[in-house]
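> Residue numbers for the sequence shown follow this note's numbering, so the first one is 1 and each next one is one higher.
We put the CB at the ideal spot given by N, CA and C, even for glycine.
Here the structure is a predicted model, which means the values were calculated and not measured.
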Amino acid sequence: QCTPELQHAVGLIGGLLEGDPDLRAPSIRLHKWLSQRVLLQAIERPSDIEHLEILQALLLNILFGWYIGETELVRMACMALPTLTMCTREAGYFRVEGVVAQDEKSASHVSRWLIREQKKRLAYAVFRLDCYLHLLRDYPPSIRVPELCLHYPCSEVAWNATTVGDWELALAREPLGRMDKTYSLTCMQALSDTIRPNLAFLLPEDFETGVVAMQSRLWEEVQHEHETTLYSVSPSFDIRQASVGIAGYGLSWQVQLDMWRSTMDHLTGRNVGFCDKSTETWFYFTAKMQYHMSFLRMYADLTLIQRLIDGLSTNNYSPSLIRRFEARIQLWTKSSNAKQALWHAVQILQQFKETALGIKASRSLVCPSTVTCLFRAAQVVWAICRSVLSCDLCETSSAQHDNTWHTHRGVKAVYDLMELQNDGELGFWNDNRAKASIGNIPFCACHMPAILDLYIESLQMSTLGWSSVTPVTDALAALKLQQ
1 QCTPELQHAV
11 GLIGGLLEGD
21 PDLRAPSIRL
31 HKWLSQRVLL
41 QAIERPSDIE
51 HLEILQALLL
61 NILFGWYIGE
71 TELVRMACMA
81 LPTLTMCTRE
91 AGYFRVEGVV
101 AQDEKSASHV
111 SRWLIREQKK
121 RLAYAVFRLD
131 CYLHLLRDYP
141 PSIRVPELCL
151 HYPCSEVAWN
161 ATTVGDWELA
171 LAREPLGRMD
181 KTYSLTCMQA
191 LSDTIRPNLA
201 FLLPEDFETG
211 VVAMQSRLWE
221 EVQHEHETTL
231 YSVSPSFDIR
241 QASVGIAGYG
251 LSWQVQLDMW
261 RSTMDHLTGR
271 NVGFCDKSTE
281 TWFYFTAKMQ
291 YHMSFLRMYA
301 DLTLIQRLID
311 GLSTNNYSPS
321 LIRRFEARIQ
331 LWTKSSNAKQ
341 ALWHAVQILQ
351 QFKETALGIK
361 ASRSLVCPST
371 VTCLFRAAQV
381 VWAICRSVLS
391 CDLCETSSAQ
401 HDNTWHTHRG
411 VKAVYDLMEL
421 QNDGELGFWN
431 DNRAKASIGN
441 IPFCACHMPA
451 ILDLYIESLQ
461 MSTLGWSSVT
471 PVTDALAALK
481 LQQ
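See below:
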């Protein structure tokens with residue numbers, strides 16, 4: 001038995017996936033009613049078990065609004081999140097000693113484990129959701145890594161075990177080391193420039209949580225660098241060579257992110273069988289998208305690009321301020337940072353096209369955080385593309401009817417960024433004046449609408465059930481007119 005609020009929230013998630021069009025409107029009405037009810041009950045703090053279920057209902061309700069994708073519901077989800085975060089923090093669910101202290105003494109070992117694991121999984125879910133919803137609005141995540149003083153959650157196989165025997169067997173098979181240290185300690189050691197802990201116990205879901213753990217510090221340092229340095233120097237400025245700012249716990253963030261990626265690639269296929277294949281694909285896809293998004297945030301001032309878009313589409317900024325935004329972005333587009341940002345923006349598109357349709361085919365919902373990554377990548381592409389006015393690229397492509405204009409032997413004249421994987425070619429393209437294309441479309445202002453269509457089409461093909469990307473695709477369609 002569980003509270004009616006949790007039952008309603010679980011039902012909403014089930015309806016979200018099934019996607020019956022006749023139930024969408026009444027489900028959204030139920031979602032709005034439930035939001036008000038669980039927010040009040042979360043603050044009132046009933047008994048411990050009821051409080052846990054109320055927080056679980058609030059989490060699922062926020063996820064429902066986020067996955068639906070409508071602007072109003074996403075805004076409501078962002079506003080409800082601080083209450084969920086604070087209530088989870090006040091309940092002691094971010095600390096292992098706080099969770100253990102709430103054990104029911106008369107309960108069986110299995111019952112105590114189940115309650116502990118529910119609280120732990122709630123805390124990790126809130127941690128990830130806090131990151132994604134704050135970055136959606138260009139705000140810094142509010143939960144820092146040192147707060148998460150918990151051991152790693154159990155695997156999906158152990159959590160979904162239907163008998164005590166299966167549960168005991170699944171726990172016995174889990175990689176050694178998951179209960180040796182708290183998550184915060186493991187993260188701080190992994191981010192250190194002096195300690196290299198053994199991370200062989202990591203499961204696919206841990207890599208998504210790992211890249212999330214970097215975001216609060218990364219946001220802070222990148223924002224500082226953008227505000228104080230990036231636009232006060234020459235166009236040749238390289239953010240990777242900055243003397244201050246992008247420190248990454250003693251190492252550059254580029255090194256930290258690449259170490260995370262190499263560890264994930266090394267362990268991929270090693271700790272298998274702890275979740276089904278579709279779930280594993282979902283976690284790796286979400287993690288890789290956030291990996292490229294981290295570089296995008298580092299090399300491009302996403303806040304400035306959003307301000308320019310707002311200024312061009314609304315009357316929120318004066319003409320002089322809009323011209324200032326334009327000048328700053330124009331300066332940035334001539335730097336090597338812009339090329340790095342562009343390459344990662346194309347990688348986000350490629351990852352999305354390769355994986356999102358497979359996730360949809362398995363009847364799973366694509367995480368909205370990946371939709372945000374694709375949307376931000378499209379904005380970066382738009383900002384750079386509209387500044388490329390040298391239409392000799394178009395003339396070159398139209399003169400070559402066999403479409404070989406971008407595959408010359410030796411030093412290439414034009415590189416297709418969707419095929420550019422070799423470090424040597426990437427370095428040459430980044431360091432020289434070579435042209436670029438995306439999916440055989442010349443990268444210039446003339447073809448900007450066609451390039452944005454690649455992002456729009458990928459978004460439209462990824463929806464399932466009641467999820468909607470209409471606000472995002474409408475925003476990108478409007479950008480095609482801002483040349």
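Would you check if the distance between the CB atom of Val380 and the CB atom of Ala356 is smaller than 8 Å?
Against a cut-off of 8 Å, the Cβ pair of Ala356 and Val380 comes out as no contact.
> Using DSSP with H/G/I as helix, E/B as strand and the rest coil, what is Arg323?
Correct three-state label for Arg323: helix.
> Quick check: the region 372-387 against the region 274-294, are there 3 or more CB pairs under 8 Å?
Result yes; three or more Cβ-Cβ pairs closer than 8 Å.
> Quick one: what does DSSP say Lys435 is sitting in, helix, strand or coil?
Looking at Lys435 - three-state DSSP - the assignment turns out to be strand.
> Counting only runs that start and end within the region 166-229, where is the alpha helix (DSSP H) found for 4 or more residues in a row?
Taking only runs of at least 4 residues, the alpha helix (DSSP H) segments lying wholly in the region 166-229 are 183-190, 204-213, 215-225.
> In the DSSP assignment, find the unbroken alpha helix (DSSP H) run with Tyr67 in it and report its ends.
Per DSSP, Tyr67 belongs to the alpha helix (DSSP H) from 48-68.
> Of the choices Leu479, Trp466, Leu454, Asp276, whose alpha-carbon is the least far from that of Asp22?
With distances taken between Cα atoms, Asp22 lies closest to Trp466.
> Quick one: residues in its chain with C-beta nearer than 6 Å to the C-beta of Pro514, no 5 flanking neighbours on either side, listed in chain order?
The shown model of the chain, from 1 to 483, leaves out residue 514, and the question about it has no answer.
> Can you give me the Cβ contacts of Asp431 inside the same chain, cut-off strictly under 6 Å, excluding the 5 residues immediately before and after it?
So the list is empty, once near-sequence residues are dropped.
> Any chance the region 121-139 sits against the region 205-220, with 3 or more Cβ pairs inside 8 Å?
Taking 8 Å as the limit for Cβ pairs, the verdict is that the region 205-220 does touch the region 121-139.
> For His226, count neighbouring Cβ atoms within 10 angstroms of its own Cβ and tell me buried if that reaches 16, exposed if not.
It counts as buried.
> List the endpoints of the continuous beta strand (DSSP E) containing Asp416.
First-last of the beta strand (DSSP E) with Asp416: 414-416.
> How far does the alpha helix (DSSP H) with Gln118 in it extend, from its first residue to its last?
It spans 109-136 - the alpha helix (DSSP H) in which Gln118 sits, taken as one unbroken run.
> When DSSP builds the beta bridges, which residues end up paired with Pro442?
DSSP lists Ser437 as partners of Pro442.
> Here's the rule I'm using: 16 or more other beta-carbon atoms within 10 Å means buried, otherwise exposed. How should Asp301 be labelled?
Counting Cβ neighbours within 10 Å, Asp301 comes out buried, since at least 16 surround it.
> Between the C-alpha atoms of Leu459 and Leu16, what's the straight-line distance to the nearest angstrom?
Leu459 and Leu16: Cα-Cα distance of roughly 18 Å.
> State the beta-bridge partners of Arg95 as determined by DSSP.
Beta-bridge pairing links Arg95 to Cys149.
> Going by the beta-carbon positions, is the gap between Ala434 and Tyr415 smaller than 8 Å?
Closer than 8 Å, so yes.
> Tell me whether Cys2 sits in a helix, a strand or coil according to DSSP, three-state version.
It is coil, neither helix nor strand.
> Considering just the uninterrupted stretch of the alpha helix (DSSP H) at Tyr139, what are its terminal residues?
Where Tyr139 is concerned, there is no enclosing alpha helix (DSSP H), given that its DSSP letter is neither H nor E.
> What's the gap between the Cα of Ala477 and the Cα of Ala190?
Roughly 42 Å between the two C-alpha positions.
> Can you check whether the CB of Leu60 is closer than 8 Å to the CB of Leu12?
Result yes, Cβ atoms of Leu12 and Leu60 sit closer than 8 Å.
> Please classify Gln7 as buried or exposed, where buried requires at least 16 neighbouring CB atoms within 10 angstroms.
By the neighbour-count rule (16 or more Cβ atoms within 10 Å), Gln7 is not buried but exposed.
> Where Met86 and Pro442 are concerned, what is the direct C-alpha to C-alpha distance, given to the nearest angstrom?
Whole-angstrom Cα-Cα distance: 49 Å.
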